[in-house]
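Trainee: Right, I'll just put the structure down here and ask away after.
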Amino acid sequence: MKKNFYTQKINLVLKIAALNLLFMVLFSNFAAAQANINIKGKLTDGVTNETLPGVTIQVKGTANAVSTDANGLYSITAGSTSTLVFKFIGYAPKEIAIAGRTAIDVKLQPETTELKDVVVTALGITKQNKAVGYSVSTIKGATITEARQNSFVNSLEGRVAGVNVSGVATGPNGASNVVIRGITNMTGNNQPLYVLNGIPLVNNNYNTGDQGHDGYGGKDGGDGIGDINPDDIETISILKGAAATALYGYRGSNGVILITTKKGKTGEGLGVEINSNFVRENVIDETDFQTEYGQGSNGAKPVSAADALSSMESSWGAKLDGSNTYQFDGVERPYSEAAKGNLSRFYRPGNNFTNTVSFSKGFGDDGATRFSVSDLNDESYVPNAGLQRLTFNQTTNLKFGKHLTLDLSSQYVSEYTKNAPNISDAIGNLNWAPMFVPPNINITTLKGPNGNGTVAGDSGVELNAFGDPYTTNPYFAAYELQGAIHRNRFTGSANTKYTFDDGFFIGLQVADDYTNDRTTNIEPAGTGYVVDEGLTGDMMEENVKQTELNIDLTGGKKFKFGKDFTLDLLLGGNYRKSQQEYLTAKGNNFAIPFLYTIGNLENPIESLQTNNEEYQSLYGSADVGYKSFLYLTVTGRNDWYSTLSPGKITYLYPSVSGSFVFSELLHMPDMDLGKLRLSYADVGGAADNPYQTLQTYGIQGTYTPPGGGIYPIGVAGSLQVPNSALKPSSRREIEAGTEMDFFKNRLRFDLTIFQKRVTDDIIPVTIDYTSSYTSALLNVGTLRYNGVELELGGTPVKSQNFTWDVDFNAAYIKGKVISLGGQPQITLGSEAQDWGSGAYTAQVVGKEPSQIFAPSPALDANGKIIIDPGLGAPDQTLSQPKDFGSAENPWAGGINNSFKYKHFTLSFLIDGKFGGKIFSNTNIIAYQQGLSKATLAGRDLLYGTDKQTASAYYNDWAFADQGMFVYDDSFIKFRQVIFGYDFPSTLFNNKIIHGLRLSFVCHNVFTIMKHTPNFDPESTYSASVYSQGLEAPAVPYSRTLGLNLNIKL
């Protein structure tokens, strides 16, 4: 890792800490203490009767406040007629008039229904849950902090109905894939909008799985949402349906995830919280290959070093017998099983440390502030790779009298990703060799004399272990291919609101999200495939800057008409400006070996690309309430886009939703809430690329005519026909549901049904190449989804010492492609042809999205496979693509159980997905190379009249009948377990430690059920729709075990 990482940041840390400390002091508006009477008492839990240390007791209307000690005791001086306010996280606040008393003991009740009573909706507006006419799922931040992952988004998997979360196994900083209620764009981005404290975040996916050396797979540089520290998160609200997201316009068409960070608590003194997390990460080996036959071909062992070198990707040798046999480096080693455990040998145990320290301070009734510093240091299980992330987070909420408020929020992230591995079919994929070397090869022999996959000496030349220069030595790939991503990111907002005496308010929010990514990739002169191409190395540097400015002006007022009707009005406008700059420099042939600079390259090429977009919007909402049981909400937003042509730049997004709270009329004593809800909305998507409607040009090289001189060569910027008639797509969705809570929230039920229909989806349509273009973008796609979501929760057992909570969610969501503008199908992604695969995915009219196609052998009139007599196998040239089903899993669900006995807690999460298909490149390669157990039968036989060997026979089948490598993608996983202990307050006889919790955590515990041999059913190499349903030999998934320590001071 970079040794001077922290020294570069130390001045920044000191400055920010000093400024925040000064800020706390300046706003500490201490009132003079009243020397009237002294009140003492004890705070206890209203359910368990346990003492509560750290409870804040404040004299109402003043800054006079104290906290209970380790035994729950307090002492405070106040006026005899004052009121005391008792506040504690996780408990309902309580106010008690002193009335001259000198002893007041208080029982606080846990806030078990806090998140059910109030929900956060679009634009950060909080509403009573009963008044909301659409589905909103809320998750507490504490849920994702103990068994954490580098991206908090991956911790949401299996927790929310209708939300499909999958992490991408591509290294320590891999992107996350989140799809809510099925895809909305058949060929584009389907990630939701993330909003942090009102700041819309740029979540560009830096995954380049389809771009790298010579157009092959590349690296995954992560995404934007992974920068958020889970220790700073208070709640996560997921807005799924169109009515819930309509106020965000086109940006909400894929759903919205609202993230609210923790704030300082009003009235508190200085509070400190420390959270330390350490996990050990180990690779999960899913392979179960044959171990009876070893390296070689046609049933024979290698007889020389050259023979061994040329057969390193062939396990068609003789039966393993223990005799000494040549290997790739000329050394004779036992011809015995040695490959078991190769993945564990190559991938080291990873160590992940995360430490967060937060400070909070209240300013009486005038506000509060919170400041945190977090350090993540991930020594990845991928050798010589890692991630360092330093995060500063600050929130301040101030009140100036009774009219004016000011909320400030900011986050700064400094991040360094070291050597993100090449993925997919990328040259230099370090997972290839550990996965596919023959059964008699121990992967550590490929380290070579220097331990880094190079030949003896200091030449830096790759140790050739395969004969083929395009199969890279994995140790050379890990230690010599160099890559780095440096990220600096700042997000900040200032939100002020002035409320007049009559209740009318006006608000202004200014928010900015700025990111600077500097990426470097180096392929040294000694790299096998670089040498093979006659080069002396190559290098690429890219500097990406992007910023997004959002300005919102809002106004509104609440009205009451008589005793029964209420009206809440909101009007607003948004100005958004987005700018991106891509500066790239690349070239090949280093003049001086081992000097890796752009200036040391022969004829480096530089390019600059800029994108500028602007959006203007007006929006409004009206909420009408009748008594306490009938609510109606109408919203509208109109967006104007700079990315579309005049006449197409504007679109109106309306929504209407309502709820009927029938429990208010039935008066059933055991029903806490009974609600019916119904909503309809129309939202859509714009053309995000600002240059899809105009012809653009670039410069590609130079030309020197006979008369001399150098002239640039102009080329078209894209092979797609520019379309000035493009317009926003439309997503119309209707949703109905019911919520019921019983027995004081002991049983909770939430059922939702919906249908969404996407029209005018922008998709590429293939055109004749003689036009000089390959495709045209048209508004011709139509897509439909129907779905049912169920969330069921409860507390089956609750006593003084024991509590059992359970939360279950399930969803059935199925889509259908209705139209593709006259085309029967459009191809999405494909597997690598040089791996022998002809599989691809496509959108097909009349079928579910993301259909998987693979070559299937020709059949005779009776439906039987036609066997070529000479081959004894099908003729692959007669095979045709066959549709094997959708990559989407229509069924998904999860169940989380949490048990608490006195100070002990145990929770575990089980989740699963069902019904989808996946094509496996791992298995087709294993089949071709003789590693698959399916190739053991008939190894000693000859096939067909041509007397083919077993290797040729099985390869014929592998090329001709690739449907056998399409698998049921269903699985059930024991995803997570947490065992914790909250140390009792009686252990701390001081006023310093208010709480201490130690937890054992484990993620990816084990797989309960799957149908995918030799690979994880969730395997994917990219977060895009193009890779869905296509598995490739990427980095294996890992299991983490560790500890989490939380201390409150």
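Residue numbers (full-length UniProt numbering): 1 to 1049.
Virtual Cβ for every residue (Gly too), placed ideally from N, Cα, C.
Output yes or no for whether 8 angstroms exceeds the beta carbon distance between SER237 and VAL357.
Mentor: Cβ distance not < 8 angstroms, so SER237 and VAL357 don't count as in contact.
Trainee: If we call anything under 8 angstroms between Cβ atoms a contact, is residue 1064 one with ASN889?
Mentor: Within the shown structure, residues of the chain are numbered from 1 to 1049, placing residue 1064 beyond reach of any answer.
Trainee: Could you compute how far the alpha carbon of ALA305 sits from the alpha carbon of PRO869?
Mentor: Those two C-alpha atoms are separated by around 37 angstroms.
Trainee: Do you know offhand how far VAL845's Cα is from GLY821's?
Mentor: If you take the alpha carbons of VAL845 and GLY821, they lie about 10 angstroms apart.
Trainee: Have a look at GLY658 and ASN495 and give me their C-alpha separation to the nearest angstrom.
Mentor: Approximately 29 angstroms between the Cα atoms of the pair.
Trainee: For ASN282, I'd like the list of residues in its chain whose CB is within less than 7 angstroms of its CB, leaving aside the five on either flank, ordered along the chain.
Mentor: These residues qualify, in order along the chain: PRO349, TYR381, SER1038, ARG1039.
Trainee: LYS1048 bridges to which residues according to DSSP?
Mentor: Answer by DSSP bridge pairing, in chain order: GLU273, GLY995.
Trainee: How should GLN411 be labelled, buried or exposed, when 16 other C-beta atoms within 10 angstroms of its C-beta is the threshold for buried?
Mentor: Looking at its Cβ environment, which holds 16 or more other Cβ atoms inside 10 Å, GLN411 is buried.
Trainee: Please state if the CB of GLN509 and the CB of ASP552 are separated by a distance shorter than 8 angstroms.
Mentor: For ASP552 and GLN509, yes; Cβs fall inside 8 angstroms.
Trainee: Are the beta-carbon atoms of ASN38 and THR77 separated by less than 8 angstroms?
Mentor: The answer is yes: Cβ separation under 8 angstroms.
Trainee: To the nearest angstrom, how far is the alpha carbon of LYS545 from that of SER907?
Mentor: Straight-line Cα distance between these residues: approximately 42 angstroms.
Trainee: For a test of the three-state rule: what should DSSP assign to LYS2, helix, strand or coil?
Mentor: Legend: pLDDT at LYS2 = 46, less than 50; position of this residue unreliable, no value from coordinates given.
Trainee: If you draw a straight line from the C-alpha of MET24 to the C-alpha of GLY264, how long is it?
Mentor: In this predicted model, MET24 has a pLDDT of only 45, less than 50, meaning its place in the structure is not dependable; the value taken from the coordinates is given anyway. When rounded, the distance between both Cα atoms is 11 angstroms.
Trainee: Just to confirm, is the Cβ distance from ASN896 to ARG148 under 8 angstroms?
Mentor: Contact flag unset, no.
Trainee: Is LEU726 buried or exposed, if buried means 16 or more other CB atoms sit within 10 Å of its CB?
Mentor: The residue is buried, with at least 16 neighbouring Cβ atoms inside 10 Å.
Trainee: Throw me the rounded Cβ distance for the PRO732 and SER253 pair, which I believe falls under 8 angstroms.
Mentor: The sequence shown places Arg at residue 732, not Pro. No, ARG732 and SER253 are not in contact; Cβ-Cβ is about 11 angstroms, not under 8 angstroms.
Trainee: Report the rounded CA-to-CA distance for VAL531 versus GLY537, giving the unit in angstroms.
Mentor: Cα to Cα, VAL531 sits roughly 8 angstroms from GLY537.
Trainee: What first and last residue would you give for the alpha helix (DSSP H) that runs through residue 1059?
Mentor: One cannot answer for residue 1059 here, as it falls past the ends of the chain, which runs 1 to 1049.
Trainee: What are the complete alpha helix (DSSP H) segments, minimum 4 residues, inside the region 439-484?
Mentor: Qualifying alpha helix (DSSP H) stretches, in chain order: 474-479.
Trainee: For GLU415, name the three-state secondary structure that DSSP assigns.
Mentor: Here GLU415 sits in strand by DSSP.
Trainee: Going by the beta-carbon positions, is the gap between PHE1015 and GLY963 smaller than 8 angstroms?
Mentor: No, the pair does not count as a contact, with Cβ atoms beyond the cut-off.
Trainee: How many angstroms separate the CA atom of PHE353 from the CA atom of LEU998?
Mentor: Approximately 15 angstroms between the Cα atoms of the pair.
Trainee: For ASN612, count neighbouring Cβ atoms within 10 angstroms of its own Cβ and tell me buried if that reaches 16, exposed if not.
Mentor: Burial call: exposed.
Trainee: Which word fits MET435, buried or exposed, when buried means at least 16 other C-beta atoms lie within 10 angstroms of its C-beta?
Mentor: So MET435 ends up on the buried side.
Trainee: Does the beta-carbon of SER75 have 16 or more other beta-carbons within 10 angstroms, so that it is buried, or is it exposed?
Mentor: Classification for SER75: exposed.
Trainee: Please confirm whether GLY872 and TYR293 have their CB atoms less than 8 angstroms apart.
Mentor: Not a contact, by the Cβ cut-off of 8 angstroms.
Trainee: Hey, quick one: how far does the beta strand (DSSP E) through PHE802 stretch, first residue to last?
Mentor: It spans 802-820 - the beta strand (DSSP E) in which PHE802 sits, taken as one unbroken run.
Trainee: Spatial neighbours of ASP321 within its chain, please: C-beta separation below 7 angstroms, excluding the five flanking residues on both sides.
Mentor: Closer than 7 angstroms at the Cβ level, and outside the excluded window around ASP321, lie TYR335.
Trainee: Spatial neighbours of LYS917 within its chain, please: CB distance less than 8 angstroms, with the 5 preceding and 5 following residues excluded, ordered by chain position.
Mentor: Cβ neighbours of LYS917 beyond the five flanking positions: ILE852, PHE884, GLY885, SER886, ALA887, VAL966, TYR967, ASP968, ASP969, GLY1029.
Trainee: With 16 other CB atoms within 10 Å as the buried threshold, where does TRP957 fall?
Mentor: When all chains shown are included, TRP957 counts as buried.
Trainee: Measure the C-alpha to C-alpha separation of ASP860 and GLN880 and round it to an integer number of angstroms.
Mentor: Using only the alpha carbons, I get a separation of about 13 angstroms.
Trainee: What residues are listed by DSSP as bridge partners for ARG496?
Mentor: Correcting the residue identity first, residue 496 is Thr in this sequence and not Arg. For THR496, which the question treats as bridged, DSSP gives the partners LEU406, LEU508.
Trainee: Considering Cα atoms alone, identify which of GLY980, LEU569, THR696, PHE590 is closest to ILE522.
Mentor: The residue with the shortest Cα to Cα distance from ILE522 is PHE590.
Trainee: Have a look at VAL153 and ALA478 and give me their C-alpha separation to the nearest angstrom.
Mentor: Roughly 27 angstroms between the two C-alpha positions.
Trainee: Could you give the C-beta distance for ARG280 and LEU751, rounded to a whole number, given that I count them as a contact under 8 angstroms?
Mentor: Wrong, their Cβ atoms sit about 41 angstroms apart, outside the cutoff.
Trainee: Apply the 10 Å Cβ neighbour rule to MET539 and answer buried if 16 or more other Cβ atoms are within range, or exposed otherwise.
Mentor: Classification of MET539: buried, given that the 10 Å Cβ count is 16 or more.
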